[in-house]
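A.B. asks: The structure is given below, and queries will be raised subsequently.
There are 2 protein chains.
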Amino acid sequence: MNVRPASNTESSSLPDKPVGRRPVSQRARGLSHTHPADVSLHDALAALADPVRRAIVRELGHVPDWSKACGTFDLAVSKATRSHHFAVLRQAGVIEQRDEGPRRLNRLRRTEFDAAFPGLLALVLSESS
Amino acid sequence: MNVRPASNTESSSLPDKPVGRRPVSQRARGLSHTHPADVSLHDALAALADPVRRAIVRELGHVPDWSKACGTFDLAVSKATRSHHFAVLRQAGVIEQRDEGPRRLNRLRRTEFDAAFPGLLALVLSESS
DNA sequence: TACAGTGTTTGACGGAGGTCGATCACCATG
DNA sequence: CATGGTGATCGACCTCCGTCAAACACTGTA
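Structure representation (structure tokens):
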């Protein structure tokens, strides 16, 4: 399998602000990501089998990458539970997160996740409610 | 949506033994099926999020329809648990069952389920172990 | 009728995980 | 430095569900 650089955000594909001067905030150190290709089918299904997490994914599917912080989601759970669900989605390779000042921005790993589990993300994104 | 005949096995597409003389065994009365189109994404994902149930689906993907009874699966659980998992898969529209003498034969609802949840079944069937 | 084979149902148990309030850590701004 | 905003962590609670043994139900055969 194609080996990926482990310690690299290797994400956005955004021609972003020159990352040279932005030494990764302190909080971002605890941010461990998992590439979809390293995720088992069980973990992927278990992650998406929760209605709150699917709501996050759907909401994330309606906005551009890195445009939505964790707190801006319309969820009927406490922020502790919210934080837990984001961690699960991140470790299942569904989303990617990046710290921008005090808040944590999110991005759906559309192409990578779809490459690992074809059609799965589309099912969630096309879910009605 | 296309309304389906509710009280019809509407299944096998097998040019079978003339069903005229076979008045549906007594046990088959408790056999309630759910068409994949009537299954929510949540129920579908929840059904396939269990390793034992995925093992059943995979094993069922390697044999022809109606060729495998519940007891012939290689599962490391008791027959009570086994029976439970088959019921979950049936109510999730993943499998269809039919009584043949003392045993219950199974069939994977490939086309119907794939029409309702494109790619989902393929993911499970292509799972390695 | 009796028996063996197959599968379901029931009741109980235990663990996994979703949930919350409280607390803590980090960031920006005044 | 103090404050408010955002998010993570901790500990506890509780529900759900996977699990099993036991008992039951149905089928075919002797």
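Protein sequences appear in the order of chains A and B. Here the first sequence stands for residues 1 to 129, where the numbers follow our numbering. Here the second sequence stands for residues 1001 to 1129, where the numbers follow our numbering. C-beta: ideal position from N, C-alpha, C; glycine also.
1. What does DSSP give as the partner residues of A/Glu100 in its beta bridges?
2. Considering Cα atoms alone, identify which of A/Ser40, A/Arg103, A/Leu75, A/Ala47 is closest to A/Ser67.
3. Between the alpha carbons of A/His62 and B/Gly1071, how many angstroms are there, rounded?
4. For B/Val1088 and A/Arg107, I'd like the C-alpha separation in whole angstroms.
5. Using a beta-carbon distance cut-off of less than 7 Å, what residues from the region 41-66 of chain A approach chain B?
6. Please report how far the alpha carbon of B/Ser1128 lies from the alpha carbon of A/Leu41, in whole angstroms.
7. When DSSP labels each residue in this structure, what does B/Ala1044 get in the three-state scheme?
8. In chain order, what residues of the same chain lie with their CB nearer than 8 Å to the CB of A/Glu59, ignoring the 5 residues before and after it?
9. Under the rule that 16 or more other beta-carbon atoms within 10 Å means buried, what is A/Gly93, buried or exposed?
10. Give a yes or no on whether the minimum CB-CB distance between A/Gly101 and chain B is below 8 Å.
11. Sort out for me which residues DSSP pairs A/Ala87 with in a bridge.
12. Comparing the C-beta of B/Pro1036 with each C-beta of chain A, is any distance below 8 Å?
13. Could you check what DSSP says for B/Ala1049 in three-state terms: helix, strand or coil?
14. Give a yes or no on whether the minimum CB-CB distance between A/Gly119 and chain B is below 8 Å.
15. Quick one: which chain A residues come within Cβ less than 9 Å of B/Leu1123?
16. Compare the C-beta of A/Glu127 with all C-beta atoms of chain B and state if any pair is closer than 8 Å.
17. Taking the C-alpha atoms as reference points, what is the distance between B/Arg1021 and B/Leu1031?
18. Go ahead and pull the three-state DSSP assignment for A/Leu108.
19. On a Cα-Cα basis, can you pick out the residue from B/Leu1121, B/Ser1126, B/Gln1091 that is closest to B/Val1039?
20. Whole angstroms is fine: what's the gap from B/Ala1044's alpha carbon to A/Ala46's?
21. Which of helix, strand or coil does DSSP assign to B/Ala1069?
22. So A/Pro36 packs on A/Ala116, CB below 8 Å; how close in whole Å?
23. Between B/Leu1121 and A/Ala76, what straight-line distance do the alpha-carbon atoms span, to the nearest angstrom?
24. Report the partner residues of B/Ile1095 according to the DSSP bridge assignment.
C.D. replies: On the basis of the supplied data:
1. Partner(s): A/Arg103.
2. A/Arg103
3. 46 Å
4. 34 Å
5. Cβ contacts with chain B: Leu41, His42, Leu45, Ala46, Leu48, Ala49, Pro51.
6. 10 Å
7. helix
8. Lys68, Phe73, Asp74
9. buried
10. Judged by the 8 Å Cβ criterion, A/Gly101 is not in contact with chain B.
11. In DSSP, A/Ala87 forms no bridge with anything.
12. Not one chain A Cβ lies under 8 Å of B/Pro1036.
13. coil
14. yes
15. Within chain A, the residues near B/Leu1123 are Leu41, Ala44, Leu45, Phe117, Pro118, Gly119, Leu120.
16. Flagged as an interface residue toward chain B: A/Glu127, by a C-beta distance shorter than 8 Å.
17. Caution is warranted here: a pLDDT of 39 is assigned to B/Arg1021, below 50, making its placement in the model unreliable, and the coordinate value is therefore given only provisionally. Answer to the nearest angstrom: the Cα atoms are 19 Å apart.
18. strand
19. B/Gln1091
20. 11 Å
21. strand
22. 4 Å
23. 31 Å
24. B/Leu1108
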